[in-house]
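Undergrad: Just so we're aligned: the sequence shown equals residues 1 to 520 in the UniProt record's numbering.
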Amino acid sequence: MSRGELVFLGGFMGSGKTSVGQRLAEAVGLPFVDLDKAIELRAGASVAEIFASQGEEGFRRLEAQSLREISDLERCIVALGGGALKDPKGRELIRKKGRLVILDASADTVKNRVAAQPGQRPLLKMENLEDLWERRRPLYSDGDLRVETDHLNVSQVAEAVREGLSLPLKGDCDQRILGDERTGLVVVGQGVLSKLPELLGRTDTYVVADSMTGPLFEPVVGQTRGRSVLPRGEDAKTMDVVEGLYDDFLSVGMDRGDVVLALGGGCVGDVAGFAAATWMRGIELVQCPTTLLAQVDSSIGGKVGVNLPQGKNLVGAFHRPKIVLSDVNCLTSLSWKDYRQGLGEVVKYGLGEDPELFDLLERNVEGLLRRDPGLLVEVVARCASIKLDLVSRDEREHDVRTRLNLGHTVAHGLEAASGYRDWSHGDAVAVGMVVATELSCRLGECDRHRLDRLNRLLTDLRLPRRPDRPWSDLECHIARDKKFRKGSPRLVLPRSGEVSFVWEGPIEELRRAYEEVYRS
1 MSRGELVFLG
11 GFMGSGKTSV
21 GQRLAEAVGL
31 PFVDLDKAIE
41 LRAGASVAEI
51 FASQGEEGFR
61 RLEAQSLREI
71 SDLERCIVAL
81 GGGALKDPKG
91 RELIRKKGRL
101 VILDASADTV
111 KNRVAAQPGQ
121 RPLLKMENLE
131 DLWERRRPLY
141 SDGDLRVETD
151 HLNVSQVAEA
161 VREGLSLPLK
171 GDCDQRILGD
181 ERTGLVVVGQ
191 GVLSKLPELL
201 GRTDTYVVAD
211 SMTGPLFEPV
221 VGQTRGRSVL
231 PRGEDAKTMD
241 VVEGLYDDFL
251 SVGMDRGDVV
261 LALGGGCVGD
271 VAGFAAATWM
281 RGIELVQCPT
291 TLLAQVDSSI
301 GGKVGVNLPQ
311 GKNLVGAFHR
321 PKIVLSDVNC
331 LTSLSWKDYR
341 QGLGEVVKYG
351 LGEDPELFDL
361 LERNVEGLLR
371 RDPGLLVEVV
381 ARCASIKLDL
391 VSRDEREHDV
401 RTRLNLGHTV
411 AHGLEAASGY
421 RDWSHGDAVA
431 VGMVVATELS
441 CRLGECDRHR
451 LDRLNRLLTD
461 LRLPRRPDRP
471 WSDLECHIAR
481 DKKFRKGSPR
491 LVLPRSGEVS
501 FVWEGPIEEL
511 RRAYEEVYRS
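#1: Is ILE50 helix, strand or coil when you go by DSSP?
#2: I think VAL400 touches LEU390, with their Cβ atoms under 8 Å apart; what is that distance to the nearest whole Å?
#3: If you draw a straight line from the C-alpha of PHE12 to the C-alpha of GLY81, how long is it?
#4: Can you tell me where the alpha helix (DSSP H) with THR459 in it begins and where it stops?
#5: Out of CYS330, SER335 and ALA27, state which residue places its alpha-carbon closest to the alpha-carbon of GLU5.
#6: Determine the direct distance from the alpha carbon of THR409 to that of PHE274, and round the result to whole angstroms.
#7: Helix, strand or coil for CYS173? Go by DSSP, reduced to three states.
#8: Output the distance between the C-alpha atoms of LEU263 and ARG442, rounded to the nearest integer angstrom.
#9: Can you have a look at GLN341 and say buried or exposed, based on whether 16 or more other CB atoms are within 10 angstroms of its CB?
#10: Starting from the N-terminal side, write out each stretch of the alpha helix (DSSP H) that is 4 residues or longer and does not extend beyond the UniProt domain "3-dehydroquinate synthase N-terminal" (229-339).
#11: State the Cα-Cα distance for the pair SER326 and ASP108, rounded to the nearest angstrom.
#12: Alpha carbon to alpha carbon, how far is LEU406 from MET433? Give it in angstroms, no decimals.
#13: Please report how far the alpha carbon of LEU360 lies from the alpha carbon of THR402, in whole angstroms.
#14: Once DSSP output is grouped into helix, strand and coil, what is the label at ALA209?
#15: So which of ASP72, ARG23, GLY16 and CYS76 has the shortest CA-CA distance to PRO31?
#16: So, are the CB atoms of GLY10 and LEU145 less than 8 Å apart?
#17: Roughly how far, in whole angstroms, is the beta-carbon of GLU74 from the beta-carbon of THR332, given that I think they are within contact range, below 8 Å?
#18: Cutting at 6 Å between CB atoms, please list the residues of its own chain near SER2, excluding the five before and the five after it.
#19: Below 8 Å between beta carbons: does that hold for SER496 and ARG450?
#20: Using the Cα positions of VAL296 and GLU92, report the straight-line distance between them to the nearest angstrom.
#21: Do the CB positions of GLY16 and VAL154 come within less than 8 Å of each other?
#22: For LYS197, which of helix, strand or coil comes out of DSSP?
#23: Beta strand (DSSP E) containing GLU498: first to last residue?
#24: What three-state label does DSSP hand GLU395 in the structure shown?
#25: Determine the DSSP secondary structure at SER106, reduced to helix, strand or coil.
#26: Going by Cα to Cα distance, which pick from LEU463, VAL429, LEU285 and LEU458 is closest to GLY184?
#27: Check whether the region 158-170 touches the region 20-27, taking contact to mean three or more Cβ pairs, one atom from each stretch, closer than 8 Å.
#28: Looking only at its chain, what residues have a beta carbon closer than 8 Å to the beta carbon of ARG95, apart from the 5 residues adjacent to it on each side?
#29: Output the boundary residues of the beta strand (DSSP E) element that contains ALA45.
#30: With respect to the beta strand (DSSP E) encompassing ARG491, which residues constitute its N-terminal and C-terminal limits?
#31: Per DSSP, which residues does PHE8 bridge with? Please list them.
#32: Given the structure, does ASP174 come close to the ligand NAP, in the sense that its CB is under 7 Å from one of the ligand's heavy atoms?
#33: Compare the Cα-Cα distances from GLY505 to each of GLY58, THR459 and LEU439 and report the closest residue.
#34: Applying the 10 Å Cβ sphere with the 16-neighbour rule, what's the burial state of GLN287?
#35: Hey, out of PHE318, ARG370 and LEU376, whose CA is closest to GLN190's CA?
#36: Would VAL241 and ASP210 qualify as a contact pair, given that the criterion is a beta-carbon distance under 8 Å?
Below is the structure:
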């Protein structure tokens, strides 16, 4: 399966798209999403309720929105609703983004299967099944692969799809366990999300996810106490959203013996973690990060919080998770842009803390780009180990933990100057590292060969190396950086042959380094 390709399972109701998709995803080690379930999470209502309140037209609008969102993923198995192929734009998007597999079934087979699911097919309250089947048959005439399902069970259909598309079976993969009860456990591996009940020894977790991570990954974690669905991205990081979580916790009777499970990227982890830290003065938190950036950085260390209109992360707490469960299988479905942001932070660990990790990244660029699971387990575990060590020695970021801010002063300036639109975090950190290394070279703390290696690695990983705006656009934002002291920046810089260090000096030196990188 090539990078960036999705497998869409289409067919009439009762053809087995959901059950086959789940079995196929399990066999090949890819995430699975049911389009109808994604719609239900987005709407906060069942398909039947949506049809009742908004009609088929309203449902199709939600279906088109969810399909566009899912199409931004990379590798994933998607079960389409029976009518999803009605929309010409939807069909075009499906053929552009991946391969369409049609699961075919005769009218008699469909009738028998649907009869076993009374009440789950709202269209059948409005139309005769045979008429609907005949009218929709042309929608299922065109696909990259067609599998007749009448005389096959779910496993046989899934295997026929796998063989027809030449999808490799998932292989065995390392599992790494880091940390302890004091620091919190970090478990890194392939397929480790399914081990959550075993690790917790309980099933009364309350899941907080967003409208994408919920349908993608929640089924893997097993039985839960309840669920809240957040908006995607920074829109979730508000006090209003946190208050909504408090209401949800109250409605299910959450107490100090319960566990909040954050299932998603950094924003989900921040909001769910802050709610856990403040509900009844603190209940246990489990982080299940689903992005590379969250797996190597934000899920570890206990920083949680939300934004205010006046700035990002102004309200927060330190609340270490009991367990961080980093399943590298989750990374296969990330969009390239989201995956790349994690690569920026990974390079930071190699440049500032672990020369052997930097060497490993240089030798394995192709493996990183194709998201080789064994390599990702190694890389995520090494980054997590570094952060665990620094956090255990300096939880409140007064000393050595500050070193993890390598590249972040300029990065935060770029993000703010763009209004948090044009620059994503990992891209900005990549440019910030180049500026920091240029400044370190000027100070005689780092050699030019290291700067050249950094530029080559960032280029190979398709990360930016140059800012797109002059110093004057950033200066006011950088001057407000929380690490400044009496008007002078305190920057983390790399040092040849050693770990990074904190430098304090005139802002003019930082400006010269920035402008050198900008001009070049």
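Glycine included, every Cβ here is placed at the ideal spot set by N, Cα and C.
TA: Per the coordinate set shown:
#1: The answer is helix: DSSP assigns ILE50 an H, G or I state.
#2: Yes, they are in contact, since the Cβ atoms of VAL400 and LEU390 sit about 5 Å apart, within 8 Å.
#3: In a straight line, the C-alpha of PHE12 is about 8 Å away from that of GLY81.
#4: Run containing THR459: 448-460, per the alpha helix (DSSP H) assignment.
#5: Per the Cα distances, SER335.
#6: Inter-residue distance for PHE274 and THR409 is about 24 Å (C-alpha atoms, whole angstroms).
#7: Correct three-state label for CYS173: coil.
#8: The alpha-carbon atoms of LEU263 and ARG442 are separated by roughly 43 Å.
#9: Taking a 10 Å sphere around the C-beta of GLN341, we find 16 or more other C-beta atoms and assign the residue as buried.
#10: You should have 239-252 and 266-278.
#11: A straight line joining the alpha-carbon of SER326 with that of ASP108 spans about 45 Å.
#12: Distance between the alpha carbons of MET433 and LEU406 is about 7 Å.
#13: Looking at the two C-alpha atoms, the distance is approximately 24 Å.
#14: DSSP places ALA209 in strand when its eight states are reduced to three.
#15: Closest in alpha carbon position to PRO31, among ASP72, ARG23, GLY16 and CYS76, is CYS76.
#16: Cβ atoms of GLY10 and LEU145: not closer than 8 Å.
#17: A Cβ-Cβ distance of about 7 Å is found for the pair GLU74 and THR332, placing them in contact under the 8 Å criterion.
#18: Residue placement at SER2 is flagged as unreliable, the pLDDT there being 46, under the threshold of 50; a coordinate-derived value is accordingly withheld.
#19: Against a cut-off of 8 Å, the Cβ pair of ARG450 and SER496 comes out as a contact.
#20: Distance from the CA of VAL296 to the CA of GLU92, rounded to the nearest whole angstrom, comes to 36 Å.
#21: Yes. Within cutoff.
#22: According to the sequence as given, residue 197 is Pro; it is not Lys. Three-state result, PRO197: helix.
#23: For GLU498, the uninterrupted beta strand (DSSP E) segment begins and ends at 498-504.
#24: Under the three-state reduction of DSSP, GLU395 is assigned to coil, being neither helix nor strand.
#25: Look at SER106 here: in three-state DSSP terms it is coil, with no helix or strand label.
#26: With distances taken between Cα atoms, GLY184 lies closest to LEU285.
#27: By the Cβ rule, the region 158-170 counts as touching the region 20-27, because three or more pairs are nearer than 8 Å.
#28: Answer for ARG95: no residue qualifies.
#29: Where ALA45 is concerned, there is no enclosing beta strand (DSSP E), given that its DSSP letter is neither H nor E.
#30: The sequence given here places Leu at residue 491; Arg does not occur at that position. Going by DSSP, LEU491 is part of the beta strand (DSSP E) stretching over 490-495.
#31: Partner(s): VAL78 and LEU100.
#32: Only the bare structure without any ligand can be found here, which leaves the ligand NAP out of the picture.
#33: Measuring from the Cα of GLY505, the nearest candidate turns out to be LEU439.
#34: Classification of GLN287: buried, given that the 10 Å Cβ count is 16 or more.
#35: Looking at the Cα atoms, LEU376 is the closest of the given residues.
#36: In this structure, ASP210 does not lie closer than 8 Å to VAL241 by Cβ.
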